[in-house]
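**Student:** The opening position of the sequence shown corresponds to residue 3 in our numbering, with each subsequent residue numbered one higher.
In this text, a Cβ means the ideal position worked out from N, Cα and C, and glycines have one as well.
Everything numeric in this text was worked out from a predicted model, so none of it was measured.
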Amino acid sequence: MLTFDFDRLGVRPGMRAIDIGSGNGRHAYELYRRGADVVAYDRNADDMAGVETMFAALRAEGEVPAGAAARVEVGDALALPFPDESFDVVVLSEILEHIPDDERAIAEAVRILRPGGVAAVSVPRWLPEKLCWALSDEYHEVEGGHVRIYRADELAAKLTRAGLSVTHRDHAHALHAPFWWLKCAVGVDKADHPLVRGYHRLLVWDMMSAPPATRLLDRALNPLIGKSVALYLAKSEVTVAAP
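(1) In the DSSP assignment, what residue or residues form a beta bridge with H170?
(2) Cβ of L177 within 9 Å of Cβ of T216?
(3) Applying the 10 Å Cβ sphere with the 16-neighbour rule, what's the burial state of W207?
(4) Starting from P83, trace the beta strand (DSSP E) in both directions and tell me its first and last residue.
(5) Taking the runs of the beta strand (DSSP E) that are 3 residues or longer, which of them lie wholly in the stretch 93-157?
(6) Three or more C-beta pairs under 8 Å: does that hold for the stretch 233-240 against the stretch 153-168?
(7) Going by other Cβ atoms of all chains shown within 10 Å of its Cβ, with 16 needed for buried, is G146 buried or exposed?
(8) Quick one: give me the first and last residue of the beta strand (DSSP E) that E75 is part of.
(9) By Cβ distance, which residues of its chain are closer than 8 Å to E110, with the 5 residues on each side in sequence left out?
(10) Between L157, T55, C186, which has its C-alpha nearest L137's C-alpha?
(11) For the stretch 146-160 and the stretch 188-201, state whether three or more C-beta atom pairs, one from each stretch, are separated by less than 8 Å.
(12) I'd like to confirm the pairing. Which residues does DSSP put opposite I41 in its beta bridges?
(13) For R113, which of A19, A68, F84 has the nearest alpha-carbon?
(14) When the Cα atoms are used, what is the spatial distance from F8 to E140?
(15) Can you name the start and end residues of the alpha helix (DSSP H) that G52 belongs to?
(16) Looking at M56 and V76, is the spacing between their C-beta atoms short of 9 Å?
Given below as C-alpha cells:
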C-alpha cells in the first residue's frame with residue numbers, strides 16, 4: 003500500500019534514496035524495485051531486521067534491477083548519521099506526527115537532500131485524524147503515538163521554511179479512513195470485533211486484488227476523506243549564502 007506516486011517523484015536507477023521512519027519498509031521496497039540505492043532508516047531494530055530480510059528476498063526473486071543496492075540503518079530521525087547533500091530522494095511517510103520536535107526532524111531531512119533533489123512527505127490528514135482523536139483517547143494517548151494533528155498548509159509552511167518548495171499536493175487511502183473511525187469507535191485494541199475484522203478483510207482483499215471498482219472509489223473519495231495528505235517537494239539548486 004503506497005502513499006506516494008513514485009512516477010511523480012521521478013525515481014530512476016542509480017538514485018540515492020532514504021526512507022526515514024521506514025517502519026515495515028513499504029516505500030523502501032518500491033524505491034529498491036525502481037533501481038535506487040536505498041537506505042531504510044528507523045529507530046526500531048526489529049522492524050529493520052524484517053526489512054533487511056525482505057530486501058534479500060527481493061534480490062533473490064529477481065525483483066530489482068542489476069546494480070540496485072539496499073541496506074538498513076537503525077537510528078534517530080533527529081540526528082541522521084549522513085553527510086550533507088548525500089541523497090537524491092528523501093521519503094518521510096507518517097512519521098512527523100510522532101515527533102515532538104518535528105521541525106528539527108525536517109531540518110535534518112533537508113540537510114541530507116542534495117540541491118535539486120526531491121522529497122515526499124505524508125501525515126494523517128486533519129479531518130480524518132480529528133475524528134479519530136474525538137472518538138478515542140487510546141488512539142493517540144500511547145507511548146510513541148501521535149502528538150499533533152496537522153493542517154496541510156501548516157506542514158507545507160514548515161517544509162518551505164526549511165528550504166523545500168511544494169510541487170504537488172495529493173491525498174491517499176480514503177478507504178482506510180472509515181476503518182480507523184470504526185476501530186476508534188469500538189476500541190482500538192478490539193481487533194476481533196466482527197465489524198473491525200470484516201472491514202480489515204475487505205482492505206486486505208482490496209490491496210491484494212486491486213479491483214478496478216474499489217480503485218476508482220478510493221480515488222474518487224480521496225479529495226474528501228483521504229486518510230493521508232501527501233506533499234511532493236523539491237530542494238532548490240541554488241544555495242543562498244547567509245549574510
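**Tutor:** According to the structure data:
(1) Against the sequence shown, residue 170 aligns to sequence position 168. DSSP, once it has assigned bridges, lists Y234 as partnering H170.
(2) Position 175 of the sequence shown holds residue 177. Position 214 of the sequence shown holds residue 216. By the CB criterion at 9 Å, L177 and T216 fall inside the cutoff.
(3) Numbered from its first residue, the sequence shown carries residue 207 at position 205. Counting Cβ neighbours within 10 Å, W207 comes out exposed, since fewer than 16 surround it.
(4) Within the sequence shown, residue 83 is the residue found at index 81, counting from 1. Where P83 is concerned, there is no enclosing beta strand (DSSP E), given that its DSSP letter is neither H nor E.
(5) Segments of the beta strand (DSSP E) lying fully in the stretch 93-157: 115-126.
(6) The answer is yes - the stretch 153-168 touches the stretch 233-240, with three or more Cβ pairs under 8 Å.
(7) Counting from 1 along the sequence shown, the entry for residue 146 is found at position 144. Counting the other CB atoms within 10 Å of its CB gives G146 a total below 16, which places it among the exposed residues.
(8) Against the sequence shown, residue 75 aligns to sequence position 73. Looking at the DSSP string, the run of the beta strand (DSSP E) that includes E75 is 71-76.
(9) As a position in the sequence shown, residue 110 is number 108, starting the count at 1. The answer, listed in chain order, is A79, L80, A81, L82.
(10) To locate residue 137, count along the sequence shown from 1; it is residue 135. Closest in alpha carbon position to L137, among L157, T55, C186, is C186.
(11) Result no; under three Cβ-Cβ pairs closer than 8 Å.
(12) One-based indexing of the sequence shown puts residue 41 at position 39. Rather than Ile, the amino acid found at residue 41 in this sequence is Val. According to DSSP, V41 bridges with I20, R73.
(13) Translated into the one-based positions of the sequence shown, residue 113 becomes position 111. Per the Cα distances, F84.
(14) Translated into positions along the sequence shown, residue 8 becomes position 6. Translated into positions along the sequence shown, residue 140 becomes position 138. Rounded to the nearest angstrom, the gap between the Cα atoms of F8 and E140 is 34 Å.
(15) The residue labelled residue 52 in the question sits at position 50 within the sequence shown. First-last of the alpha helix (DSSP H) with G52: 47-62.
(16) The sequence position of residue 76 within the sequence shown is 74, counting from 1. The sequence position of residue 56 within the sequence shown is 54, counting from 1. Not a contact, by the Cβ cut-off of 9 Å.
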